[in-house]
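Visitor: Using the numbering used here, read the sequence shown as starting at 24 and increasing by one per residue.
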Amino acid sequence: PACGGRSRHWFTREVDERVSKSRAKVARFIGSKNPKEIVFTRNTTEAINLVGHAFDFRKGDVVLTTDKEHNSNLCIWKDLEIDKGIKHRFVPSNDDNTFNLNRLEAILREEGGRVKLLSMVHTSNLDGYTIPAKEIIELAHKYNALVLLDGAQSVPHKIIDVGELDVDFLAFSVHKMMGPSGVGVLYGKYDLLKSLGRYNVGGDTISNTYLDKSPEYLPPPMKFEAGLQDYAGMIAAGAACDFLNKVGRRDIDLYEMELNEYISDKLGKHEEIGIIGPENPRERSGICTFFIKKPTRLDHKEKMLDERLSDRYNIMIRSGMFCVNGWFNQKLKEGKINRIWFPAFRASFYLYNTKEEIDLFITAIEEELERLKEVPIF
Numbered sequence: 024p025a026c027g028g029r030s031r032h033w034f035t036r037e038v039d040e041r042v043s044k045s046r047a048k049v050a051r052f053i054g055s056k057n058p059k060e061i062v063f064t065r066n067t068t069e070a071i072n073l074v075g076h077a078f079d080f081r082k083g084d085v086v087l088t089t090d091k092e093h094n095s096n097l098c099i100w101k102d103l104e105i106d107k108g109i110k111h112r113f114v115p116s117n118d119d120n121t122f123n124l125n126r127l128e129a130i131l132r133e134e135g136g137r138v139k140l141l142s143m144v145h146t147s148n149l150d151g152y153t154i155p156a157k158e159i160i161e162l163a164h165k166y167n168a169l170v171l172l173d174g175a176q177s178v179p180h181k182i183i184d185v186g187e188l189d190v191d192f193l194a195f196s197v198h199k200m201m202g203p204s205g206v207g208v209l210y211g212k213y214d215l216l217k218s219l220g221r222y223n224v225g226g227d228t229i230s231n232t233y234l235d236k237s238p239e240y241l242p243p244p245m246k247f248e249a250g251l252q253d254y255a256g257m258i259a260a261g262a263a264c265d266f267l268n269k270v271g272r273r274d275i276d277l278y279e280m281e282l283n284e285y286i287s288d289k290l291g292k293h294e295e296i297g298i299i300g301p302e303n304p305r306e307r308s309g310i311c312t313f314f315i316k317k318p319t320r321l322d323h324k325e326k327m328l329d330e331r332l333s334d335r336y337n338i339m340i341r342s343g344m345f346c347v348n349g350w351f352n353q354k355l356k357e358g359k360i361n362r363i364w365f366p367a368f369r370a371s372f373y374l375y376n377t378k379e380e381i382d383l384f385i386t387a388i389e390e391e392l393e394r395l396k397e398v399p400i401f
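1. How big is the Cα-Cα spacing for Ile154 and Ile229?
2. From Ile338 to Phe384, what distance separates their C-alpha atoms?
3. Buried or exposed: Arg307, going by 16 or more other Cβ atoms within 10 Å of its Cβ?
4. Nearest by alpha-carbon distance to Asp150: which of Arg137, Thr121, Ala129, Glu128 is it?
5. Could you work out which residue in Asp79, Cys26, Asp119, Glu92 is closest to Gly300 when comparing CA atoms only?
6. If we count Cβ pairs, one from each stretch, closer than 8 Å, do we get three or more for the stretch 157 to 176 versus the stretch 129 to 136?
7. Contact defined as beta carbons within less than 8 Å: I believe Thr67 pairs with Phe195. What is the distance between those atoms, to the nearest angstrom?
8. Measuring only the C-alpha atoms, how far is Glu325 from Val398?
9. Are Val208 and Val49 close, meaning C-beta to C-beta below 8 Å?
10. How big is the Cα-Cα spacing for Gly226 and Tyr373?
11. Tell me which same chain residues have a C-beta within less than 7 Å of the C-beta of Ser45, skipping the five on either side of it?
12. Could you tell me which uninterrupted alpha helix (DSSP H) segments, each at least 4 residues in length, are contained entirely in the stretch 280 to 354, listed from first to last along the chain?
13. Can you say whether Ile183 is buried or exposed, counting buried as having 16 or more other CB atoms within 10 angstroms of its CB?
14. Within 10 Å of its beta-carbon, does Tyr210 have 16 or more other beta-carbons around it, so buried, or fewer, so exposed?
15. Checking the sheet assignment: what are the DSSP bridge partners for Phe365?
16. Val62: which of Pro238, Leu87, Val144, Phe247 sits nearest, CA to CA?
17. Using the Cα positions of Phe34 and His198, report the straight-line distance between them to the nearest angstrom.
18. Among residues of its own chain, excluding the 5 on either side of Ala47, which ones have a beta-carbon nearer than 6 Å to its beta-carbon?
19. I need the DSSP call for Asn231, collapsed to helix, strand or coil.
20. Of the residues Glu281, Leu127, Ser30, which one's Cα is nearest the Cα of Asn117?
21. Taking DSSP as the reference, what is the three-state secondary structure of His111?
22. Just to confirm, are Lys157 and Leu188 a CB contact at a threshold of 8 Å?
23. Could you pull the start and end residues of the alpha helix (DSSP H) that Ile61 belongs to?
24. Quick one: using the 10 Å Cβ neighbour count with 16 as the cut-off for buried, is Ser371 buried or exposed?
25. When you compare only the Cα positions, how much space is there between Val85 and Arg394?
26. Quick check: the stretch 92 to 111 against the stretch 238 to 253, are at least 3 beta-carbon pairs closer than 8 Å?
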């Protein structure tokens, strides 16, 4: 492999050129006019951690999240409560898991300027709901707070324009965009990227080093891309953007809504099933998460429901808390969900899924419900 940015032979020059073109494609994909606002990372998690660790937090500063954050957008703020003395608060969702702007403004007003950053999931991996980002960002800026959006579940599925949103930071992953694993992106307004501290230093982040004084560091994005990079993955990020542009993100978004309406209508006919999130399936994009309100194993030796679906039908869904443990534990604490219902199940779909696949899934679920018909609903 060529070491990008280091040598002058033809292979390195080609790598540098292709990475540069890919960076520009990613920028255009999300509406940025400056490729230097695109920092390549390993994933969304690293992009969020980069902002968290490089942000100039002071003791007593407040970070706000939703109550439905992926662990990758929760653990960092909990750690910084210990390490830097910041304070983490969350905005409670409405009963249907939609966002409450009034509650957000009440917290911003109550904190009186101490809120420095809102770090919020844009589209939830729990229920597919997309928060009103533009209104949230306007409110945050009104109170002099910056906004970081976790776009892992939104960027691959919707048209995102960072300029129109006026968002300060946006993190997302390429593997959810039909690209390879191990590549993520942090978008940041260029002046804000320049103001961030250093996160990971070494090769490619410096212009020069000395034995008797501090290193001279490069400006963004190189400031954050230390060491040998996944150049193939970086180049593939641009190819993923090309592919999704060709398919059409608006068409993807509409198709997912259609699939969610289809699956929700069929699941909703069964009283044992409770779907998490807004009642309108078009507000849940490509995610349908649900509880079966009864134990789904007849004895402890039996395989879990998702394993049975995989073994019998080659249907792949996920069970558990989906890395949104905080939300589930809070709802258990509030008595709004029953521990007997666990685990929750999540069926998610993208541009490659079909109604025929949903029909197979529904048949499998109905067979399971028939098998469990003597088990009471809780």
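We treat Cβ as the ideally placed atom computed from N, Cα and C, and that holds for glycine.
Guide: This is what the structure gives:
1. 38 Å
2. 7 Å
3. buried
4. Thr121
5. Asp119
6. yes
7. 6 Å
8. 15 Å
9. yes
10. 38 Å
11. Met257, Ile258, Ala260, Gly261
12. 328 to 336
13. buried
14. buried
15. Partner(s): none; Phe365 has no beta bridge.
16. Phe247
17. 26 Å
18. Pro58
19. strand
20. Leu127
21. strand
22. yes
23. Counting along the chain, Ile61 falls outside any alpha helix (DSSP H), though it belongs to the beta strand (DSSP E) covering 61 to 64.
24. buried
25. 50 Å
26. no
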